[in-house]
Amino acid sequence: MRTQVVIIGGGPSGLLLSQLLYLNGIENVVLEKHTKKYVLSRIRAGVLEQGTVNLLNKAGLGKRIKNEGFNHDGIFLSVKNHSFRIDFKSLVNKTVTVFGQTEVTADLYSVVEKDKGRIINSAKNVMPCDILTNKPYVTYEINGLDKKITCDFIIGCDGFHGITRQIIPKNKIKTFERIYPFGWLGILSETCPVNDELIYANHKTGFALASMRNKNLSRYYIQTSINDKVEMWDDDRFWFELKKRLPKDASERLVTGPSIEKSLAPLRSFVVEPMKFGNLFLVGDAAHIVPPTGAKGLNLAFSDVNYLYESLIGYFKNDDKNAIEQYSSKALNRVWKTIRFSWWMTNTLHKFPDQTEFDQKIQEAELDYLKNSIDAQKSLAENYVGLAF
Ligand code: RFL
Ligand code: PHB
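For what it's worth, my numbering labels the leading residue of the sequence shown as 1014, then goes sequentially.
Take a look at the structure:
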């Protein structure tokens, strides 16, 4: 079989790239190692930047986001159980949309699946080959049968643990990494969200976040030790800790209930340079990871999709053979700014195991500065709503 572009990984970035290329007449196939059911069972991001929504509109997916997404004009930050608001709308005249990644992925699946055979689920042992030649191909196994697809380009949208980054020789790429000494324990509960907007809380016992999916579905996170296991946190223990860390007024009105999902995520910052090797291109979590504190992972993956899709249009449609050479540097320029913002949010809001009273005072001073400085708030707002791409 032959196609123009093989996309490895059918998560949000692989599916969005596939749909944008398809709408522009560029043939592509998506190879996903898991079933659709498994992909759609993962609970992840919840905050979409305006640029992300615009790109989803381009792919024909704007309607449900418009009808069911929640427009948020700001967020609350809390320190020592007292909160203050950052008003994006008045500071930078932009907003964000609260709409779950699971829903975005489900919508992407339904449009990609309409074009029969474009997505192949349960593809095992996917392997990019001959990426340094102009006849690259991908091999995989399905139902015990060996398959091969030749193409012009291979795109790695296979997440942090995928195969594509791993096959690049170590001496051809450089990786940059910070692993944070704590994790996030997240729960979903069918309760009314504690607040209309998100609350990010710095507390001397650890960070907490109050988020939501809709009027009757709350998403809460607390910082835990890196060594904790989900089994160590029954619902009562989770709610007790969350209440302690949220601002006082929110704690008092928090509605608790049974969790319907509970998971632990490690926190890291990670970047690989360059995001291209021969005719293999890396996109999204395959190339970089941010800690979730700035709500940036999915948004950053989609800005890569935007740069790569424009480059591939340049190559296939406008006879601009150079366009694809610029992908990595364009994408990395924005990646590093987002890595910085997520690192800063993480440092400002979390308790580090070796944190001294001095360090805690510095965090409190930073948050007090933010509370009282419109200029500092503007910088946070500009980054949170998303830098232009
Ligand atoms: P994904 O979503 O990991 O998808 C990769 C896909 O590739 C498949 N795959 C393979 N397929 C074939 N062959 C192989 N060898 C393969 N290896 C892997 C996988 O099965 C999978 O389907 O990467 P993608 O598309 O780059 O998307 C990235 C986002 O999912 C991620 O950045 C965000 O979820 C991060 N994130 C958040 N991002 C935001 O923008 N806003 C948020 O509010 C936000 N909150 C979060 C988050 C991530 C979290 N966790 C659990 C990591 C909150 C959490 C708790
Ligand atoms: C979420 O709702 O899952 C969420 C929101 C904001 C973040 C991270 C996760 O910063």
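Here a beta-carbon is modelled for each residue, glycine too, at the ideal position from N, C-alpha and C.
List the endpoints of the continuous beta strand (DSSP E) containing Arg1258.
Taken as a continuous stretch (DSSP letters only), Arg1258 belongs to no beta strand (DSSP E), being part of the alpha helix (DSSP H) at 1248 to 1258.
Cβ neighbours of Tyr1150 in the same chain (closer than 7 Å, five flanking residues each side left out)
Cys1142, Asp1143, Lys1161, Ile1162, Thr1163, Cys1164
Any heavy atom of the ligand COA inside 8 Å of the beta-carbon of Ser1054?
In the structure on display, the ligand COA does not appear, and the ligands it does have are the ligand RFL and the ligand PHB.
Whole-Å CB distance - Pro1206 paired with Ala1221, under 8 Å assumed:
About 14 Å; that fails the 8 Å criterion.
Within its chain, find whatever has a CB closer than 6 Å to the CB of Glu1190; leave out the 5 residues flanking it on each side and keep chain order.
Phe1283
Would you say the beta carbon of Tyr1234 is closer than 8 Å to some non-hydrogen atom of the ligand RFL?
yes
Please go through the same chain and pick out, in chain order, the residues whose beta-carbon is closer than 6 Å to the beta-carbon of Lys1343, but skip the five residues on each side of it.
Tyr1320
Check whether the Cβ of Leu1222 sits closer than 8 Å to any heavy atom of the ligand PHB, and report yes or no.
yes
Any heavy atom of the ligand RFL closer than 8 Å to the beta-carbon of Val1002?
Residue numbering for the chain in the displayed model covers 1014 to 1402; residue 1002 lies beyond these limits and cannot be assessed.
State the Cα-Cα distance for the pair Arg1131 and Gly1291, rounded to the nearest angstrom.
24 Å
Roughly how many angstroms lie between the CA atoms of Leu1313 and Arg1281, to the nearest whole one?
15 Å
Would you say the segment 1076 to 1086 touches the segment 1251 to 1264, given that touching needs at least three Cβ pairs under 8 Å?
no
Would you report the Cα separation of Thr1361 and Pro1287, rounded to the nearest angstrom?
29 Å
Within the present structure, is the beta-carbon of Tyr1213 separated from the nearest heavy atom of the ligand PHB by less than 8 Å?
yes
Would you call the segment 1122 to 1140 in contact with the segment 1032 to 1052, where contact means no fewer than 3 C-beta pairs closer than 8 Å?
yes
Is any heavy atom of the ligand RFL found at a distance shorter than 8 Å from the C-beta of Phe1101?
no
Determine the burial state of Ala1300: buried for a count of at least 16 other Cβ atoms within 10 Å of its Cβ, exposed for fewer.
buried
Specify the secondary structure class of Val1111 as computed by DSSP and reduced to three states.
strand
Is Pro1305 near the ligand PHB - that is, is its Cβ less than 8 Å away from at least one heavy atom of it?
yes
Do the segment 1027 to 1042 and the segment 1193 to 1206 make contact, defined as three or more Cβ pairs closer than 8 Å?
no
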